[in-house]
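All residue numbers for the sequence shown refer to this note's numbering, where the first residue is 3 and numbers rise by one. The beta carbon of each residue, even a glycine, is placed where N, CA and C say it ideally should be. Okay, so here's the structure we're looking at.
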Amino acid sequence: MEHALKILGKASSINVRKVLWTCEELGVSYEREDWGSGFASTHSPEFTRLNPNAQVPVIIDDAGVLWESNTICRYLAGKHHNHELLPTEPAARARVEQWMDWQATELNRSWSYAFTALVRKDPEFQDPHQIGVGINDWNHKMSILEHQLAATKAYVAGPRFSLADIVIGLSVNRWLMTPMERPDFPAVDEYFQRLAQRPGFLKHGCNGLP
3 MEHALKILGK
13 ASSINVRKVL
23 WTCEELGVSY
33 EREDWGSGFA
43 STHSPEFTRL
53 NPNAQVPVII
63 DDAGVLWESN
73 TICRYLAGKH
83 HNHELLPTEP
93 AARARVEQWM
103 DWQATELNRS
113 WSYAFTALVR
123 KDPEFQDPHQ
133 IGVGINDWNH
143 KMSILEHQLA
153 ATKAYVAGPR
163 FSLADIVIGL
173 SVNRWLMTPM
183 ERPDFPAVDE
193 YFQRLAQRPG
203 FLKHGCNGLP
């Protein structure tokens with residue numbers, strides 16, 4: 003008998019929201035427990051036995067324990083045989099994973115300082131020069147996305163919605179909600195409107211949280 007999927011992590015976490023939105027697209031039921039800042043500590047021995055990095059999300063199902071949000075999304079799409087979210091043909095799959103990896107490394111790293119300063123208002127992240135550098139880097143990375151979306155005229159990896167759009171769609175929402183100067187990127191704006199037609203994005207992405 004297959005065990006119910008359990009997701010550990012608070013619903014406001016952008017990385018947890020990737021997994022929640024993926025579950026919505028797949029029609030997968032789950033149980034979620036609040037872990038992270040303001041809730042149960044991810045640094046507790048109970049949690050670090052599951053993820054030694056002390057980060058959310060973590061999932062538990064009949065296959066065991068898994069962490070790293072983008073990997074979890076790929077696992078769930080594969081487990082439930084959804085080949086639109088994650089194609090099986092090698093080149094098509096690689097294009098989806100290329101943009102997922104770009105989100106996790108290049109794009110994610112670019113917003114770190116500016117977002118922590120401007121949204122979280124961490125007093126240790128208030129150097130004006132570093133904020134300015136962070137904003138410029140973030141906007142530059144978004145210009146790469148603008149160029150890609152202008153080429154596809156649809157979704158990040160091509161004409162069809164995929165896992166790349168889940169992880170990057172949440173990033174676009176964060177970029178738009180951060181109080182800073184942003185260039186005019188019409189392809190990104192049109193992309194955001196396409197995503198807003200999806201119930202999973204409205205529930206877990208464009209839901210008032212950056």
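request  = Please check if any C-beta of chain B sits within less than 8 Å of the C-beta of valine 21.
outcome  = Looking for chain B here will not work: only one protein chain is present.
ask   = Per DSSP, valine 8 forms a beta bridge with which residues?
value = Per the sequence presented here, residue 8 reads as lysine, with valine not at that position. Bridge partners of lysine 8: Glu33 and Ile62.
message = Whole angstroms are fine: how far does the CA of proline 201 sit from the CA of lysine 155?
response = 21 Å
inquiry  = What residue range does the alpha helix (DSSP H) around lysine 20 cover?
reply    = 16-28
task = Please confirm whether alanine 152 and alanine 159 have their CB atoms less than 8 Å apart.
result = no
task = Could you round the C-beta distance between leucine 197 and glycine 171 to whole angstroms and report it? I think they count as a contact, below 8 Å.
result = 5 Å
request  = Compute the distance between the beta-carbons of glycine 169 and asparagine 53, then report whether it is under 8 Å.
outcome  = It is worth fixing the name first, because residue 169 is valine in this sequence and not glycine. Not in contact: valine 169 and asparagine 53 (Cβ atoms no closer than 8 Å).
key: Run of the alpha helix (DSSP H) containing valine 98, from where it starts to where it stops   = 92-104
task = Return the CA-CA distance between alanine 106 and phenylalanine 41, expressed in angstroms with no decimal places.
result = 25 Å
key: For valine 169, the three-state DSSP class (helix, strand or coil)   = helix
ask   = Quick one, which of Tyr157, Leu87, Gly210 and Pro188 has its alpha-carbon nearest glycine 29's?
value = Leu87
ask   = For the 8 Å Cβ check, are there 3 or more pairs between the segment 57-77 and the segment 7-18?
value = yes
message = Rounding to the nearest angstrom, what Cα-Cα distance links tryptophan 101 and methionine 182 in this structure?
response = 25 Å
ask   = Who are the near neighbours of phenylalanine 187 in its chain, counting only those whose CB is closer than 6 Å to its CB and skipping five residues on each side?
value = Glu148
inquiry  = According to DSSP, glycine 202 sits in a beta bridge with which residue or residues?
reply    = Glycine 202 pairs with nothing; no bridge assigned.
ask   = Any heavy atom of the ligand HEM closer than 7 Å to the CB of glutamine 128?
value = This structure does not include the ligand HEM; it has no bound ligands of any sort.
key: Segment contact flag, the segment 78-87 with the segment 110-119, C-beta cutoff 8 Å, min 3 pairs   = no
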